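Here the structure is laid out as structure tokens; the discussion comes afterwards.
Numbering (my numbering), first residue to last: 9 to 434.
Listed below in structure tokens is the structure:
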């Protein structure tokens with residue numbers, strides 16, 4: 009297979025490295041496309057040979073060279089590239105979220121239906137061993153029929169804060185965290201339950217980040233970005249991208265081309281996404297979801313509980329036990345704490361029986377070996393997978409529209425219905 013990449017930021021590296029490493033027999037990289045030549049040059053160096061590079065307006069030339077396109081651009085541009093590639097009969101591998109709005113979902117659905125190409129949405133959380141174990145237990149009927157789900161996800165002041173200094177801080181680009189981040193979580197619930205969302209109600213607010221909240225807490229004047237800021241090296245909310253060689257090459261050294269600032273102040277003006285979100289969802293199988301996302305917690309991880317007619321299943325995951333204040337000064341500190349402070353526990357509570365802790369078999373690599381399983385599915389095709397982990401465009405649409413419906417509900421104060429198996433806002 010001949011693969012082209014569109015969008016050469018941070019997310020592209022996992023796929024580039026896969027095709028240079030363990031999956032090099034599956035295909036070769038034949039073209040790169042991005043708004044920024046500096047970023048493309050970084051990946052050309054990483055690939056180790058000359059690869060044709062194109063601007064977005066030359067995407068037609070990219071399609072002439074490739075059998076498949078890997079889309080890792082800004083979320084709001086996904087639909088443009090996905091539809092163009094599908095209409096050219098190319099296979100598409102797209103990062104989540106599939107797109108950011110109902111219009112993009114409709115356009116992609118139409119393109120996928122008329123195309124000979126295949127579309128894969130890379131939901132890597134499905135492949136995480138702990139999440140796969142949950143799917144297996146629910147499929148086996150370990151707690152009977154699921155009646156309700158309680159799902160809490162906390163982003164800490166390393167990870168959560170980062171969404172408020174990047175392009176994600178603008179709803180027009182990312183759809184807000186209920187689309188960009190929660191699409192992972194809504195997809196997991198859709199997949200775990202094997203059911204489509206039908207009714208969504210939500211409340212959201214911006215309570216911690218942003219200029220108004222900073223003023224209310226008396227934080228005073230702040231620099232618009234990290235580089236050159238008086239607090240650089242001491243303020244834990246200021247990311248020092250010059251201290252990370254890859255971030256420096258991809259963003260700081262590339263600023264002169266497109267003006268994109270990767271280290272904007274999380275307490276600056278112009279942020280229009282929320283950092284506290286609560287969502288209620290009712291599914292076609294009558295199960296009910298209570299979901300929350302919090303983006304300024306002192307720890308990172310998630311807790312989820314399934315109540316069923318025969319018991320309860322609980323998964324507790326700590327991805328980072330605490331947030332070291334020096335992480336922005338030394339970006340590698342975040343990864344170190346992530347590795348050393350993590351834990352997970354899966355507990356099965358059947359009626360009339362003592363609780364049973366379910367062992368979770370993990371592997372090497374990201375997400376407990378899940379990233380490797382995902383890449384294998386992407387580049388070599390899935391084996392006969394009883395868990396059905398590979399996600400298509402309809403899975404992507406359901407997860408996006410749950411977030412879109414939640415955003416609409418929060419704005420209107422009224423519930424929003426989804427139709428056609430969760431693939432259309434009613």
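Glycine included, each C-beta is placed from N, C-alpha and C at the ideal position. What you are looking at is a predicted structure, and each value in this text was computed from that prediction instead of being measured.
Measuring alpha carbon to alpha carbon, tell me which of 88, 270 and 307 ends up nearest residue 168. 307
Contact set for residue 138: own chain, Cβ-Cβ below 7 Å, skip 5 residues either direction: 323, 325, 352, 354, 368 and 376
Assigned secondary structure, residue 58 (DSSP; H/G/I helix, E/B strand, else coil): coil
Could you tell me the boundaries of the alpha helix (DSSP H) in which residue 137 lies? 137-147
Residue(s) in a DSSP beta bridge with residue 296: DSSP output for residue 296 lists 156 and 290 as bridge partner(s).
Per DSSP, what are the beta-bridge partners of residue 221 in this structure? Partner(s): none; residue 221 has no beta bridge.
Counting pairs of Cβ atoms below 8 Å between the segment 275-295 and the segment 78-96, do you hit three or more? no
Suppose you measure from the CA of residue 300 to the CA of residue 281; what does that come to, to the nearest Å? 15 Å
Could you name each continuous beta strand (DSSP E) segment of 3 residues or more that falls completely within the segment 93-134, going from the start of the chain to the end? DSSP runs (the beta strand (DSSP E)) wholly in the segment 93-134: 99-103 and 127-130.
Pick out the complete beta strand (DSSP E) segments inside the segment 18-69, 3 residues or longer, and give them in chain order. 36-41
Look at the alpha carbon of residue 103 and the alpha carbon of residue 43, and state the distance between them as a whole number of angstroms. 18 Å
Can you find at least 3 beta carbon pairs, one from the segment 152-171 and one from the segment 408-419, that sit closer than 8 Å? no
Which runs of the beta strand (DSSP E) fall wholly inside the segment 204-261 and span at least 3 residues, in chain order? 205-213
Check whether chain B comes within 8 Å of residue 150, counting only Cβ atoms and requiring the distance to be less than that. This model lacks chain B altogether; it includes just one protein chain.
Could you please give the first and the last residue of the uninterrupted alpha helix (DSSP H) stretch that includes residue 420? 401-420
Curious, which full-length beta strand (DSSP E) runs of at least 3 residues does the segment 344-378 contain? Fully contained in the segment 344-378 are the following beta strand (DSSP E) runs of length 3 or more, in chain order: 351-358 and 364-366.
Helix, strand or coil: which one does DSSP assign to residue 194? helix
DSSP beta-bridge partners for residue 161? 301 and 310
Which first and last residues belong to the alpha helix (DSSP H) in which residue 3 is found? The structure shown does not extend to residue 3, since the chain spans only 9 to 434, so no value can be given for it.
Is the beta carbon of residue 305 closer than 8 Å to that of residue 436? Since the first and last residues shown for the chain are 9 and 434, residue 436 lies out of range.
Whether or not the segment 127-135 and the segment 188-207 are in contact is what I'm after, with contact meaning three or more pairs of Cβ atoms, one per stretch, closer than 8 Å; do they touch? At 8 Å Cβ cutoff, the stretches touch.
To the nearest angstrom, how far is the alpha carbon of residue 371 from that of residue 381? 10 Å
Using only alpha-carbon positions, find the residue among 13, 297 and 31 that is nearest to residue 387. 31
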